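Structure first, commentary second.
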Amino acid sequence: MLLGFPFTLGFGVLCVVGSLMSLSAFHWLGIWFGLELNLLGFIPLLVQGGLDQQVESSVKYFIVQALGSSFLLVGGFAQGVFYNLWGVGGVLFVLLLGLFLKLGVAPFHWWVPSVMGGLSWVSCGLLATWQKLAPLFLLFSFCGSFFYFFFCFACVSALVGGVGGVGQVQLRILMAYSSIAHLGWMMGLASCSVLGSFCYYLYYFFLSVFVFFGLGQSGVLRFSHVGYSTGLFVLIGLVSLGGLPPFSGFVPKWVGLQIVSGLELYYLAVFLVVGSVISLYYYFSLAFMLFISRFVSYKFSFGFFSVSYIMSVGVVVFCLGFPLYEFFFTVL
29 MLLGFPFTLG FGVLCVVGSL MSLSAFHWLG IWFGLELNLL GFIPLLVQGG
79 LDQQVESSVK YFIVQALGSS FLLVGGFAQG VFYNLWGVGG VLFVLLLGLF
129 LKLGVAPFHW WVPSVMGGLS WVSCGLLATW QKLAPLFLLF SFCGSFFYFF
179 FCFACVSALV GGVGGVGQVQ LRILMAYSSI AHLGWMMGLA SCSVLGSFCY
229 YLYYFFLSVF VFFGLGQSGV LRFSHVGYST GLFVLIGLVS LGGLPPFSGF
279 VPKWVGLQIV SGLELYYLAV FLVVGSVISL YYYFSLAFML FISRFVSYKF
329 SFGFFSVSYI MSVGVVVFCL GFPLYEFFFT VL
């Protein structure tokens with residue numbers, strides 16, 4: 029670790045403050061400043077391991093985020109100069125492209141697997157969850173003006189996230205494509221119901237925390253290196269993320285499909301379902317590789333349970349998903 033506890037805490041607080049500043053800003057310059065403050069605090073957290081791969085991924089991430097910020101800055105000034113609209117109410121397409129690039133929405137997803145493939149599990153978890161918060165919520169304000177763009181990018185992201193993960197054996201890259209697929213669901217729901225997309229993001233946030241926590245405890249790079257007890261928790265989390273009933277991941281997707289179908293957006297529903305089915309395919313392929321192909325020597329190592337009580341509770345909560353159905357259905 030190159031950074032001690034006070035420095036890590038300080039940079040983490042800087043990330044949080046930057047995101048909250050972007051969400052609370054009423055001016056595009058304030059939004060840009062908050063995102064840059066978040067980036068300033070996040071980059072040192074990416075390189076604190078000191079490995080060459082982490083440094084390389086951090087540089088890639090910095091370049092991509094700087095490019096996205098330049099789109100936001102240019103779009104904000106152009107909107108103010110030519111249209112005399114300096115608030116967040118005015119919308120230019122270049123602003124939308126900047127946020128898409130920052131989030132990694134397909135077809136601007138090319139940097140996500142490359143960056144996450146070289147980071148630590150903690151950094152991957154932060155990149156897949158917290159770093160999506162500010163850009164995603166800013167996109168929610170664009171839903172009415174760019175409905176068809178959201179529709180198209182959601183379909184492409186769902187398919188790319190599903191197809192891209194097929195054949196992957198590196199878990200970090202697999203989780204990167206899983207993140208892209210879920211981003212497609214969030215954008216698809218945002219075009220129909222902002223509240224539905226927000227609830228989906230919250231669920232994805234908390235379940236991903238438990239999945240990345242389990243992977244970080246084991247410190248594995250490939251799925252074939254995962255221990256049996258660790259692999260069980262990871263697989264439960266993955267199939268829940270894939271939306272397999274009766275796991276809780278089925279609940280937000282089922283409610284989301286009801287919302288989309290209620291608005292007669294059947295093409296969007298088909299693309300989202302196909303992407304999820306493909307994702308489930310490679311999740312079960314991983315399950316076959318871990319459990320069935322090595323069934324002869326199958327046994328659990330209960331030492332893992334002594335150091336991961338948090339993940340154990342999380343798996344129990346997120347496995348029992350159907351009691352959450354009425355909550356989602358009532359709220360949405």
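Read in the working numbering, the sequence shown has 170 at position 142, and its numbers run on one by one without any break.
Just so you know, even glycine gets a beta-carbon here, dropped at the ideal spot from N, CA and C.
Predicted model only: the values in this text are computed from it and were never measured.
Start-to-end residues for the alpha helix (DSSP H) that takes in residue i
i: F175; result: 175-192
i: V150; result: 149-156
i: S142; result: 139-144
i: F54; result: Unbroken run through F54: none, as it is neither H nor E.
i: F275; result: It is not in any alpha helix (DSSP H) - F275 carries neither H nor E in the DSSP assignment.
i: V122; result: 121-131
i: S169; result: That residue, S169, is in no alpha helix (DSSP H); it is neither H nor E in DSSP.
i: S219; result: Per DSSP, S219 belongs to no alpha helix (DSSP H) and is neither H nor E.
Cut-off 6 angstroms between Cβ atoms - residues of its own chain near residue i, not counting five sequence neighbours on either side
i: L161; result: S47
i: L42; result: G69
i: L167; result: L127
i: S50; result: I59, G62, L63, A162
i: V288; result: C220, L296, A297
i: S85; result: V143, G146, L147
i: C183; result: F299
i: L202; result: G193, Q196
i: A156; result: S207, S236
i: G77; result: S148
i: D80; result: none
Cutoff 8 angstroms; reference residue i; Cβ partners in own chain excluding five residues on either side
i: F90; result: L67, I71
i: F35; result: P72
i: L285; result: A297, L300, V301
i: L37; result: none
i: S334; result: Confidence at S334 is low in this model, with a pLDDT of 43, below 50, so the placement of that residue should be treated as unreliable; the coordinate-derived value is given next. Contacts found: none.
i: L6; result: No statement about residue 6 is possible, as the shown extent of the chain runs from 29 to 360 and does not include it.
i: L291; result: C220
i: V102; result: V122
i: V109; result: none
Cβ-Cβ separation, residue j to residue i (assumed contact under 8 angstroms), whole Å
i: P280; j: Y205; result: Contact flag wrong, Cβ pair sits at about 19 angstroms.
i: R200; j: G145; result: 5 angstroms
i: S225; j: L235; result: Between L235 and S225 the Cβ distance is about 16 angstroms, and since that is not below 8 angstroms, they are no contact.
i: V188; j: A134; result: 4 angstroms
Short Cβ contact (9 angstroms threshold) for residue i with residue j
i: F165; j: G212; result: no
i: W158; j: V44; result: yes
i: S219; j: L296; result: yes
i: G271; j: F278; result: yes
i: S142; j: Q82; result: no
i: G192; j: S304; result: no
i: L223; j: F174; result: no
i: W149; j: F39; result: no
i: V237; j: G172; result: no
i: F136; j: V122; result: no
Cβ shell of residue i (< 7 angstroms), same chain only, five flanking positions each side left out
i: L57; result: G104
i: K130; result: Q93, G96, P163
i: K88; result: W139, S142, V143
i: Y232; result: H210
i: L65; result: L42, V45, G46, M49
i: A53; result: I59, G62
Proximity winner among the options, relative to residue i (alpha-carbon distances)
i: F170; options: M215, L187, V184, L202; result: M215
i: Y311; options: G132, I287, G195, V143; result: G195
i: S185; options: I306, S148, L37, F39; result: I306
i: L230; options: M203, S276, I264; result: S276
i: G132; options: A53, M203, S207; result: S207
i: F179; options: L79, L101, L293, S52; result: L293
Any non-hydrogen atom of the ligand GTP within 8 angstroms of residue i CB
i: G192; result: This structure does not include the ligand GTP; it has no bound ligands of any sort.
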